[in-house]
Amino acid sequence: MRQTLTVNINMQKYTVTTETGLFFRLGNLLAEQYPDKKVAVITDDTIKDIYEEHLVKQLDGAGIQWKLISLPPGEGSKSFDTLPKLYSILLDFQLTRGDVILAFGGGVIGDIAGFTAATFLRGVNLIQLPTTLMAMVDASIGGKNGANLKEGKNMAGTFYQPKEVLIDPGFVRTLPDEILDDGMAEVIKYGCAFDPDLFSDLIDRAEKGDGSGIESIIYRCCLIKKQVIEQDYQDYGVAMLLNFGHTLGHCIEDYYPDGTYTHGQAVAIGMYATTLAAEKRGLTASNTSALLKDLLIAYDLPYTLPENADLSKIVETVKRDKKRRGNTLNLVLLERIGKSYLYQLDKSDFVEFLKID
Ligand code: NAD
Ligand code: ZN
0 MRQTLTVNIN
10 MQKYTVTTET
20 GLFFRLGNLL
30 AEQYPDKKVA
40 VITDDTIKDI
50 YEEHLVKQLD
60 GAGIQWKLIS
70 LPPGEGSKSF
80 DTLPKLYSIL
90 LDFQLTRGDV
100 ILAFGGGVIG
110 DIAGFTAATF
120 LRGVNLIQLP
130 TTLMAMVDAS
140 IGGKNGANLK
150 EGKNMAGTFY
160 QPKEVLIDPG
170 FVRTLPDEIL
180 DDGMAEVIKY
190 GCAFDPDLFS
200 DLIDRAEKGD
210 GSGIESIIYR
220 CCLIKKQVIE
230 QDYQDYGVAM
240 LLNFGHTLGH
250 CIEDYYPDGT
260 YTHGQAVAIG
270 MYATTLAAEK
280 RGLTASNTSA
290 LLKDLLIAYD
300 LPYTLPENAD
310 LSKIVETVKR
320 DKKRRGNTLN
330 LVLLERIGKS
340 YLYQLDKSDF
350 VEFLKID
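Counting in numbering that gives the first Met the number 0, the sequence shown runs without a single skipped number right up to 356 at its last residue.
The following block contains the structure:
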């Protein structure tokens with residue numbers, strides 16, 4: 000079923016369409032909306048291997064003049080050093096401001112293609128066509144893009160809204176389980192922080208175990224993200240609630256060598272540890288952490304660090320967080336499942352807060 004919502008940020012409106020099979024009408028859709036425009040498709044090699052044939056059929060079939068630019072898969076491609084290479088290919092292709100950059104991939108591609116679109120010729124049309132669950136429910140909506148510097152992740156970037164976001168949930172079928180679960184951690188985050196019905200539906204879906212219902216789950220996450228960023232697209236207020244589980248999650252990602260925990264796994268542990276501690280302190284309704292733990296287990300996500308993990312050392316990394324200078328943390332806590340709030344805490348008290356005995 001096709002579902003469309005409109006995001007309205009700073010007087011810029013764009014639609015987010017969720018529809019299984021949308022990819023198989025991409026050619027006509029682009030040709031109708033951007034007649035006679037060139038399209039530069041930025042993707043990664045894994046997605047290219049799986050979907051190039053369909054892409055060629057779609058875009059050639061609609062008579063579009065287009066170019067495929069493929070980067071190696073992985074976070075390494077989200078480097079600032081990738082940009083000059085992309086600009087140079089776009090110049091060779093003679094892409095103009097009225098033309099289109101299509102970001103076809105996960106969050107890495109969405110971010111680097113988004114940054115490219117925002118900065119090439121001072122801004123060209125951007126369409127997001129996300130292929131991971133993470134990118135569908137989070138990265139493709141809101142206009143944040145980014146590139147990593149050697150000093151840190153996402154240290155360069157802009158806010159640049161796409162012209163539209165096209166979500167085909169069918170892409171999740173080819174995602175490796177671990178990457179699907181990674182995105183599911185963000186979906187669970189939306190349920191915990193904003194939507195008790197989504198949380199219950201996720202429990203039902205896990206019990207059924209047939210992978211059904213993903214289309215409506217994606218749509219509901221997009222709706223939540225829309226509602227939040229329309230109020231606060233630059234993350235100064237209510238959008239901080241989207242960081243539920245992320246304060247400790249980022250510490251875990253920073254502390255362990257690359258690849259030990261995926262972003263979603265680190266966030267899953269962060270959500271549970273924070274909720275358990277808050278519950279013990281009477282800041283969260285009782286039994287909330289148990290409900291969360293069961294759901295994380297049902298989606299093959301971890302909820303705790305190994306017993307011998309040195310929490311003090313892991314949490315130390317919070318002080319190095321380049322984006323959060325100052326001593327205060329805005330920790331996201333759950334009042335109960337589906338309702339979150341900000342709780343201010345001194346950074347140096349974070350480890351004490353998390354200790355539960
Ligand atoms: P990713 O883009 O690295 O994709 C993960 C892997 O899945 C890649 O190897 C990719 O090749 C593969 N893949 C993608 N789609 C596939 C498909 N349909 N079938 C098979 N394989 C597929 O990872 P991600 O989790 O999508 O994105 C993570 C990035 O997103 C991070 O850099 C993060 O900072 C960024 N992010 C940005 C925002 C934002 O608001 N801008 C929000 C959240 C995350
Ligand atoms: Zn996240």
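Note that beta-carbon positions come from the ideal geometry of N, C-alpha and C, so glycine has one too.
If I'm right that residue i touches residue j with Cβ under 8 Å, what's the distance once you round it to whole angstroms?
i           : j           : result
residue 25  : residue 57  : 5 Å
residue 229 : residue 6   : 7 Å
residue 216 : residue 237 : The pair is not a contact, with the Cβ atoms about 22 Å apart (cut-off 8 Å).
residue 294 : residue 201 : 6 Å
Determine the burial state of residue i: buried for a count of at least 16 other Cβ atoms within 10 Å of its Cβ, exposed for fewer.
i           : result
residue 134 : buried
residue 300 : buried
residue 163 : buried
residue 248 : buried
residue 355 : exposed
residue 167 : buried
residue 289 : exposed
residue 29  : buried
residue 81  : buried
residue 296 : exposed
residue 105 : buried
residue 129 : buried
residue 313 : buried
Give the range of the beta strand (DSSP E) segment to which residue i is assigned.
i           : result
residue 16  : 11–17
residue 129 : 124–129
residue 103 : 99–104
residue 183 : Counting along the chain, residue 183 falls outside any beta strand (DSSP E), though it belongs to the alpha helix (DSSP H) covering 176–193.
residue 151 : 151–155
residue 3   : 2–8
residue 343 : 338–345
Whose C-alpha, out of the options, is nearest the C-alpha of residue i?
i           : options            : result
residue 126 : 150, 103, 143, 147 : 103
residue 54  : 28, 22, 8, 264     : 22
residue 244 : 276, 233, 232, 307 : 276
residue 124 : 207, 260, 142, 339 : 142
residue 268 : 121, 30, 286, 188  : 188
residue 32  : 199, 139, 97       : 97
residue 235 : 280, 328, 281      : 328
residue 84  : 65, 64, 95, 119    : 119
residue 214 : 281, 165, 47       : 165
residue 161 : 48, 140, 173       : 140
residue 350 : 293, 246, 257      : 246
Between residue i and the rest of its own chain, which residues show a CB-CB distance below 7 Å, the 5 nearest in sequence each way excluded?
i           : result
residue 144 : 110, 113, 114, 117, 156, 157, 159
residue 291 : 191, 270, 271, 274
residue 72  : 43, 44, 45
residue 178 : 131
residue 182 : 131, 132, 133, 136, 263
residue 63  : 26, 29, 30, 38
residue 36  : 97, 98, 99
residue 223 : 189, 193, 194
Alpha helix (DSSP H) containing residue i: first to last residue?
i           : result
residue 314 : 310–315
residue 267 : 262–279
residue 248 : 245–254
residue 146 : Unbroken run through residue 146 is the beta strand (DSSP E), 146–148; no alpha helix (DSSP H).
residue 52  : 44–60
residue 288 : 287–297
residue 283 : Residue 283 -> no alpha helix (DSSP H), and no H or E assigned at all.
residue 351 : 349–353
residue 77  : Element bounds for residue 77: n/a, residue is neither H nor E.
residue 227 : 213–230
Return the chain-ordered list of same chain residues with a C-beta closer than 8 Å to the C-beta of residue i, the five sequence neighbours on each side being excluded.
i           : result
residue 343 : 327, 328, 329, 330
residue 282 : 332, 342
If you drop the 5 nearest sequence neighbours on each side, which residues of the same chain put their C-beta closer than 6 Å to that of residue i?
i           : result
residue 279 : 355
residue 218 : 2, 17
Do we get a CB-CB distance below 8 Å when we pair residue i with the residues of chain D?
i           : result
residue 242 : No chain D appears in the structure shown, which is made up of a single protein chain.
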